[in-house]
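Participant: Going down the list, the protein sequences come from chains S and A.
Residue 117 in numbering that gives the first Met the number 0 sits at position 118 of the first sequence, with consecutive numbering throughout.
Residue 192 in numbering that gives the first Met the number 0 sits at position 193 of the second sequence, with consecutive numbering throughout.
2 protein chains.
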Amino acid sequence: MRDFSTDHRWLSINTATVRRQRGEPWPLPRILDACAARGIRAVAPWRDQVAAVGLGAAAAQIKALGLGLSGYCRGGMFTYTDDASRQAVRDDNRRALDEACTLNAPCLVLVVGGLPGALAGTPAHRDISLSRSQVAEGIAWLLDEARARRMPLAIEPLHPMYAADRACINTLAQALDLCDALDPSCSGALGVAVDAYHVWWDPQLPAQIARAGAGRLLAYHVCDWLVPTTDLLEDRGMMGDGVIDLPRLRGWVEAAGYAGYSEVEIFSRANWWQREGGEVLDTCIERHRRCV
Amino acid sequence: MRDFSTDHRWLSINTATVRRQRGEPWPLPRILDACAARGIRAVAPWRDQVAAVGLGAAAAQIKALGLGLSGYCRGGMFTYTDDASRQAVRDDNRRALDEACTLNAPCLVLVVGGLPGALAGTPAHRDISLSRSQVAEGIAWLLDEARARRMPLAIEPLHPMYAADRACINTLAQALDLCDALDPSCSGALGVAVDAYHVWWDPQLPAQIARAGAGRLLAYHVCDWLVPTTDLLEDRGMMGDGVIDLPRLRGWVEAAGYAGYSEVEIFSRANWWQREGGEVLDTCIERHRRCV
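1. With which residues is A:N13 paired in a DSSP beta bridge?
2. Taking Cβ positions, are S:G70 and S:A50 nearer each other than 7 Å?
3. With DSSP run on the structure shown, which of helix, strand or coil describes A:R73?
4. Can you check the segment 145-180 of chain A for any beta strand (DSSP E) of at least 3 residues that lies completely inside it and give the ranges in chain order?
5. Which first and last residues belong to the alpha helix (DSSP H) in which A:H7 is found?
6. Of the residues that make up the segment 104-121 of chain A, which ones have a beta carbon closer than 7 Å to any beta carbon in chain S?
7. Check this for me: beta carbons of A:C297 and A:S130, under 7 Å apart or not?
8. Give me the chain S residues within the contact set of A:H158, using Cβ-Cβ distance strictly less than 8 Å, ordered along the chain.
9. Checking the sheet assignment: what are the DSSP bridge partners for S:G67?
10. Just to check my reading of the structure: A:E262 and A:N13 have Cβ atoms closer than 8 Å, yes? What is that Cβ distance to the nearest angstrom?
11. DSSP three-state label for A:Y257, please.
12. Alpha carbon to alpha carbon, how far is A:M0 from S:P24? Give it in angstroms, no decimals.
13. Less than 7 Å between CB atoms is the rule here; does A:R125 satisfy it with respect to chain S?
14. Rounded to the nearest angstrom, how far is the Cβ of S:V291 from that of S:L245, given a contact under 8 Å?
15. Pull up the distance between the alpha-carbon of A:I208 and that of S:R215, whole angstroms please.
16. Below 7 Å on C-beta distance, what does A:I243 contact in chain S?
17. On the DSSP bridge list, what partners appear for S:G112?
18. From what residue to what residue does the alpha helix (DSSP H) around A:L232 run?
19. Would you mind telling me which residues of chain A sit closer than 8 Å to S:V252, beta carbon to beta carbon, in chain order?
20. Would you grab the beta carbon distance between A:G74 and A:N92 for me? Rounded to a whole angstrom, and I think it's under 8 Å.
21. Taking Cβ positions only, does A:A166 come closer than 7 Å to chain S?
22. By alpha-carbon positions, which one of S:V17, S:M160, S:W272 ends up nearest to A:R235?
23. Could you tell me which chain A residues have their CB closer than 7 Å to the CB of S:W224, listed as they occur along the chain?
24. Going along the chain, which residues of the segment 212-239 of chain S sit with their C-beta nearer than 7 Å to a C-beta in chain A?
25. Is the segment 271-286 of chain A touching the segment 26-42 of chain A, taking contact as three or more C-beta pairs under 8 Å?
26. Would you check if the distance between the CB atom of A:I243 and the CB atom of A:A195 is smaller than 7 Å?
27. Taking DSSP as the reference, what is the three-state secondary structure of S:S184?
28. Going straight from the alpha carbon of S:P151 to that of S:L232, what length do you get?
29. Please report the Cβ distance between A:L175 and A:A213, rounded to the nearest whole angstrom; I am assuming they are in contact, meaning their Cβ atoms lie under 8 Å.
30. Measure from the C-beta of A:P202 to each C-beta in chain S and report whether the shortest distance is under 7 Å.
31. Just to make sure I have the definition right: I need the residues of chain A whose C-beta is within less than 9 Å of the C-beta of S:R292. Which are they?
32. Do S:A83 and S:L114 have their beta-carbon atoms positioned less than 7 Å apart in this structure?
33. May I ask you to list the residues that DSSP assigns as paired with A:S267?
34. Near A:R46, which residues of its chain fall below 8 Å by C-beta distance, leaving aside the five closest residues on each side in sequence?
35. Restricting to Cα atoms, I'd like to know which of S:L217, S:W200, S:S11, S:W272 is closest to S:A188.
36. Looking only at C-alpha atoms, which of S:E253, S:V111, S:G55 sits nearest to S:F3?
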């Protein structure tokens, strides 16, 4: 297991972590500058942040600063209610792939979607197995597009509390079953993004991480699970402030062959989004060395 | 699958559903009277509600009203930090068993506990596998006590969002693995309580319900998962108001051999606990007939 205590070369910052600072939200260029100024080598930007500044400008700045990506957030949201919405989803995912290529991302992260309409508060139906079928169909389609571009897809299983509205892939086993079905040769075109927040509770976790192996482990995300957790979406903790045994989990991931970035992704309305962005990044660095 | 549309003979009310009405919290005797007055045949009372009125008085009233129990809430919370706390847990669970016997409960429901101290906001450690070992040890011990009293134990897997502070048994598969390890002959002394709220998201659910079979399915609980869900604990929905396909789930449970009560358990600070208790019970009856 790599020693993270003496530097932060394997730290990546998901740009959502410092995007909503109270009083002074940081646009992407400022986030990139602040990361580079601290010797942070990689980021994982969100599509809307890239769009706000322009894809070309974002790619140019990332290149000029010598930054890498640990992933591109995000494709997915495959569930649909009719042909038109299915087509819209496909078009959007094709654009996400093209953007990921332009940004030299190592993978496009997929948050696969839940019951169609649920995120907007009006679920179209209650059939989660139908959503799961549509997700499998959507990834199968996207995989051809991704192979043509040599852009790996990373399925991110989300915590079961997001099954209804964000992602109906809720365990690592389920994501790997899908990988095995769609890419049985483990070609490198399809894998998973393991986020400690989503999977830490899973009694099958060590076995499934071992099953994934280096061939499927395309990204690794960290934050922490707080007790109590006061909001289902925006109350993630800074590493070390919660109950996830992060060194143990990273040990499993690295024993399986993962040797990439540890990406910090924290949505925290009441705490970290209330602080100055530089303080948040400095804390990420310190905790990356001490708690991850 | 039984037809619930014409009567509510298989409806049970978990007494938490109407215990915290704003302005006028209902003590247990009033809840029991209100259920009996509506032809509701069964309840699942909580230990603190029983203690508040006295075990003997509660048992006498339940008997006088001709009510049955669908379960007794609850034993468990097995995780500990030292010998003293382990012994306190055991003593408390022994008392819970005795109370369940006095009340003629069909089973004692077990919420097994998470990281010790986490529920109070101060987790003693981050080792969920240690908690899981302690839970297995605790249930193994309690099972002997339970067999001696002929009181079945029902392990209730809780939603993964409660893994840290309430229960580190988070899937039906995990609960059944424990049942198989501790009671391989499926003697009837150990089984599971399946709560739709906790398990509806699980891609393994139909297979695991079939695996459980009539021998392990000791209780079945319903409410609904709302979108959005605004609180991790106290924002459960009334059946029909959320996204769980309850008839489908009950179909699986009944196909596996379950023929007992459908117990309504709703924690709802902002909605149902704000309403008059009689209205809540009437709604439970109507929804039981139409949505369960």
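We put the beta carbon where it would ideally sit given N, CA and C, even for glycine.
All values reported here derive from a predicted model rather than from experimental measurement.
Facilitator: Once the coordinates are examined:
1. A:A43
2. Result no, Cβ atoms of S:G70 and S:A50 do not sit closer than 7 Å.
3. strand
4. 152-154
5. Run containing A:H7: none; DSSP gives neither H nor E here.
6. Residues of the segment 104-121 of chain A with a C-beta less than 7 Å from any C-beta of chain S: L114, A117, G120, listed in chain order.
7. The structure shown does not extend to residue 297 of chain A, since chain A spans only 0 to 291, so no value can be given for it.
8. By Cβ distance, chain S contributes P159, M160.
9. S:A41
10. Your pair A:E262 and A:N13 checks out as a contact, with CB atoms roughly 5 Å apart and the cut at 8 Å.
11. coil
12. Looking at the backbone, the Cα of S:P24 and that of A:M0 are separated by about 55 Å.
13. Using a Cβ-Cβ cut-off of 7 Å, A:R125 counts as an interface residue toward chain S, since at least one Cβ of chain S sits closer than that to its own.
14. Yes, S:V291 and S:L245 are in contact; Cβ-Cβ is about 5 Å, under 8 Å.
15. 30 Å
16. R125
17. S:A166
18. That residue, A:L232, is in no alpha helix (DSSP H); it is neither H nor E in DSSP.
19. The contacting residues do not exist; S:V252 stays about 16 Å from chain A at best.
20. With 8 Å as the limit, A:G74 and A:N92 qualify as a contact, their Cβ atoms being about 5 Å apart.
21. no
22. For the residues S:V17, S:M160, S:W272, the minimum Cα distance to A:R235 belongs to S:M160.
23. Within chain A, A163 have C-beta atoms less than 7 Å from the C-beta of S:W224, given in sequence order.
24. W224, V226, P227, T228, L231
25. yes
26. Yes; because the gap between Cβ atoms is below 7 Å, this pair is in contact.
27. Three-state DSSP puts S:S184 in coil, outside helix and strand.
28. 27 Å
29. That belief does not hold up - the Cβ atoms of A:L175 and A:A213 are roughly 13 Å apart, past 8 Å.
30. yes
31. Past the boundaries of the shown model lies residue 292 of chain S; chain S is included only from 0 to 291, so the question cannot be answered.
32. no
33. Beta-bridge analysis with DSSP links A:S267 to A:D234.
34. Y71, C72, R73, A95, E98
35. S:L217
36. S:E253
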